[in-house]
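**Q** Pasting a structure below so you can have a look.
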Amino acid sequence: MSAIDRLHAAARRNVWLGRLAIVTRVLLALGFTPSGWTKLVGHRFTQLGPDTPVGFFFEALYRTGFYWQFLGAVQLLAAVLLVIPRTTTLGAVLYFPVIVNIFLITVSMHFQGTPVITGLMLLGSVFLLCWDYDRLVPILRKR
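Structure (C-alpha cells):
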C-alpha cells in the first residue's frame, strides 16, 4: 500500500471528513441547480446587457440555443448525480470539468467576486475527487 493509499484510507475513516464530503456534495449540487435549470428552460442567466463584456459573453452563449440548454442539462445532471449515494463519484467526475470551465471564464472575464465563489466550488470538487480516490484509481492506473 502506497503512502497516498494509506493517507486516503485514514481520511476515509475520519467521521468529520465523511460529513464534510456529504455537505460538500449537497452545497455543490445546490450551486448548479438554479443556473442549470435557468439554462435548460432557455432563459437568460443574467440581466447584464450586451454592452458589457460579461453581458456580451452570456448573450452569445444564450443565442447558441441548444448549446445553452445542453450546458444547463449537464449542470443539472451533475447536481442530481452528486446527491444520489450510488452515483456520487460519477457526479464528482462530471462536475469537475464543468466547474473548471466556469472558474476559468470568471477569472478571464474579470467577474467581480465570482472567481472566489467558483474557486471554492472548484476546491470542493477537487476534495470530492480526492474523497473518491479509491474508486477512481483503478480506472486511472495502468494495468
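The C-terminal position of the sequence shown is numbered 204 in the working numbering, with every residue numbered one higher than the one before it. Note that the Cβ used here is the ideal one computed from N, Cα and C, for glycine as well.
Pull up the CB-CB distance for Leu142 and Thr94, whole angstroms please, since I reckon it's below 8 angstroms.
**A** Contact flag wrong, Cβ pair sits at about 12 angstroms.
**Q** Quick one: complete alpha helix (DSSP H) runs, 4+ long, within the region 86-156?
**A** 114-124 and 127-144
**Q** Nearest by alpha-carbon distance to Ile178: which of Ser63, Val76 and Val161 is it?
**A** Val161
**Q** Return helix, strand or coil for Asn75, following the three-state DSSP convention.
**A** coil
**Q** Give the single residue among Cys191, Phe172 and Tyr128 whose Cα lies nearest to the Cα of Leu101.
**A** Tyr128
**Q** Put Arg202 into one of helix, strand or coil per three-state DSSP.
**A** If DSSP states are grouped into helix, strand and coil, Arg202 belongs with coil.
**Q** What is the rounded straight-line gap between the Cα of Phe106 and the Cα of Val159?
**A** In a straight line, the C-alpha of Phe106 is about 16 angstroms away from that of Val159.
**Q** For Leu165 and Thr148, what's the separation of their Cα atoms in angstroms?
**A** 26 angstroms
**Q** According to DSSP, simplified to helix, strand and coil, what is Asp193?
**A** coil
**Q** Specify whether the region 116-134 and the region 175-191 touch according to this definition: at least 3 beta carbon pairs, one from each stretch, less than 8 angstroms apart.
**A** The region 116-134 and the region 175-191 do not touch, with fewer than 3 CB-CB distances between them shorter than 8 angstroms.
**Q** Excluding the 5 residues flanking Leu132 on each side, which residues of the same chain have their C-beta closer than 7 angstroms to its C-beta?
**A** Lys100
**Q** Find out if the Cβ-Cβ distance for the pair Ala153, Ser186 is shorter than 8 angstroms.
**A** yes
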